[in-house]
Amino acid sequence: MAKLIINNEAKKSTIAPEIYGHFSEHLGRCIYEGLYVGENSDIPNVNGMRTDVVEALKEMKIPVLRWPGGCFADEYHWMDGIGPKENRKKMINTHWGGVVEDNSFGTHEFFELCRQLGCKTYVNGNLGSGTVREMSEWVEYITFNGVSPMADLRKANGHEEPWTIDYFGVGNENWGCGGNMRPEHYADEYRRYQTYVRNYAGNQPIQKVCCGPNVDDYEWTKKVMETCFDHCEPRFHGLMDGLSLHYYTLPETEDNWDIKGSATDFTEDIFYQTLKRSFFMEELINRHGAIMDQYDPDKNIGLIVDEWGIWSDVEPGTNPGFLYQQNTMRDALVAGITLNIFNKHSDRVKMACIAQLINVLQSVMLTDGEKMIKTPTYYVFHMMRHHQGASLLGSELVGCGTVGKDKNELPKVIESVSEDADGVITVTLTNNSLEASEEIEISLTADSASYNVKEARFIAGAMNAHNTFDQPEVVEEKDFDAFEKDADGIKVTIPACSVVTLRLAK
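According to this note's numbering, the sequence shown is numbered sequentially starting from -6.
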């Protein structure tokens, strides 16, 4: 029998809640129809925000939300999205679908959404096509609590008190859609722009996020870190609090974005290939982290994986620019594997945002008019919410073996374990096998016999099982009871193709 040995005698790094963050871009039906329906909609809403979506996200314990992009961020001019809605500028969303963007969801609406959600704010600024002044004035408009042109404009637009920016991204994908820059050039621009992202009185210090690499571009990481640390006092750690990383799992072809593969119609070989590609996140964190360690050995700078998840072909008959895709048990396993990896690297990974929140890519919800359904990925985030803010515990799986063949071989079971402030231990396991369950004996290095299962939940199903508006509960989170206490610990039988969370307490 396989064994999971948990070292509960020494707590490791804290798992930042923001690791369980989300991303919302002006793309397809993520903002409009997904999060925001407008104050006059027949769909129940509060100040234009869909009530059903907001309540589900609060239940999932969403910690932080990134906005307005993505590629959209580096062509977004924030002043187009403030003031009376009838006077706001309209534009063509050239990146995503060629549709009209009417800017009815702007700065005020974003902060109202985050207020309702009770989550932190992550604003992405326009470095690619914007100016230093534009970025600086946006921060002033949002956060300054005093007399100034931008603060006065905010008040004139109906919001007397300033808001709080928790995280500010200085550009997005500036190696690509954000300007096609070389790393040294971007790093110099970053140094200049971030100078004017001021910490005004009344706002807590803004965590500044520098644009990091695309997947395995280790040279970008090295040259950006080198340039930012050059002629910079050590106490300012490269003038950044975070370095972003983007990695999408393409199910079928590695670098051909024209053939990504169906979200629901795939073979077992493609299933394992997809999981193995998501497991590549482990190598990316290790290798980019090693470069960061050369400049930042104390890990003051967080690795911010603010775009990740499966990117498949769009659903047939939908706008290719809207990136609307279904969500299956395969997606759930990708989410579970990736979040377990983030937990185990929580000394360096300080935030992550799955792409995207709703109706786009690997979303946690889908909407169709007044209908809303939760995806398998939603339930993974819901089950794993207990890791937020908990202390990572060392864990070792012995005897589980592997699944997949040749280059697509990966561990059969992937786990992470944490302990919260009340002493409750959360164990999350993914069984990546399509055929076989796995019996695992869970033991702790200290006082193992005193622990019992307080709560256990899971999702499981066929690899392409998914929820639809006609059948919204094909995959849903359920109570898990395939465990028993014995003299050595707790014996658990993990079903094939499943994600399981157990809560252990004395």
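Beta carbons are placed, not taken as given, at the ideal position from N, Cα and C, and that holds for glycine.
Asked	Found
G74 beta carbon less than 7 Å from that of G90	no
Per DSSP, cross-strand counterpart(s) of G482	D479
Bridge partner(s) assigned by DSSP for W304	Paired residues: none, contrary to the question.
Residues near Y288 by beta carbon distance below 6 Å, same chain, minus five either side	M218 and F222
Supposed close pair W8, S339 - CB separation, criterion 8 Å	For the record, residue 8 in the displayed sequence is Ile; it is not Trp. About 5 Å; that satisfies the 8 Å criterion.
Those runs of the beta strand (DSSP E) which lie wholly inside the segment 320 to 403 and span at least 3 residues	342 to 348, 358 to 361, 364 to 367 and 384 to 391
Given E308 as reference, the closest of Q319, D299, G302 and E300 once Cα atoms are compared	Q319
Which listed residue (E363, A383, V357 and M365) has its alpha carbon closest to that of H375	V357
Best match in E68, V92, N38 and I85 for proximity to E105 [C-alpha to C-alpha]	N38
Stretch pair the segment 410 to 424 + the segment 373 to 390: three plus CB contacts closer than 8 Å	yes
I300 and H239 closer than 7 Å at C-beta	A small correction: the amino acid at residue 300 is Glu; Ile does not occupy that position in the sequence shown. Contact flag set, yes.
M84, DSSP secondary structure in three states	strand
Segment contact, 8 Å Cβ cut-off, at least three pairs: the segment 114 to 125 with the segment 162 to 177	yes
Candidates S441, S17, A458 and N336, of which the one nearest I(-2) by Cα	S441
Cβ pair count under 8 Å reaching 3, the segment 455 to 474 against the segment 20 to 34	no
Whether I55 touches L110 by CB criterion (7 Å)	yes
Spatial distance of V190 from T260 (CA atoms)	48 Å
P227 to K82 span [Cα, whole Å]	44 Å
Contact belief for G172 with D286 at Cβ below 8 Å, rounded distance in angstroms	With a Cβ gap of about 28 Å, G172 and D286 do not count as contacting.
Per-residue burial, D234 [other beta carbons within 10 Å of its own, 16 or more giving buried]	buried
8 Å contact criterion, which T114 and D159 should meet: CB distance rounded	5 Å
Best match in M143, E448, G62 and C107 for proximity to H88 [C-alpha to C-alpha]	G62
Touching by the beta-carbon criterion (3+ pairs, under 8 Å), the segment 418 to 433 and the segment 485 to 497	yes
First and last residue of the uninterrupted alpha helix (DSSP H) at C221	Y211 to F222
Buried or exposed (CB count within 10 angstroms, at least 16 for buried), R185	exposed
Counterpart residues of L236 in DSSP-defined beta bridges	C203 and L296
Under the three-state DSSP convention, the category W500 falls into	Nothing can be reported for residue 500: it is not among the residues displayed for the chain, which extend from -6 to 499.
Which residues DSSP lists as bridging Y241, in chain order	G302
Cut-off 8 Å between Cβ atoms - residues of its own chain near F476, not counting five sequence neighbours on either side	V446, A449, I483, K484, V485, T486 and L495
Sufficient close CB pairs (3 or more, under 8 Å) joining the segment 290 to 304 to the segment 339 to 354	yes
Expected contact under 8 Å - CB spacing of Y179 and C204 to nearest Å	6 Å
F273 - containing beta strand (DSSP E), residue span	Per DSSP, F273 belongs to no beta strand (DSSP E); it is in the alpha helix (DSSP H), E261 to Y288.
Pairwise C-alpha distance: P77 and F264	49 Å
Helix, strand or coil at V47 according to DSSP, with G and I counted as helix	helix
CA-to-CA distance, M174 to V396, given in whole angstroms	40 Å
Simplified DSSP assignment, three categories, for L146	helix
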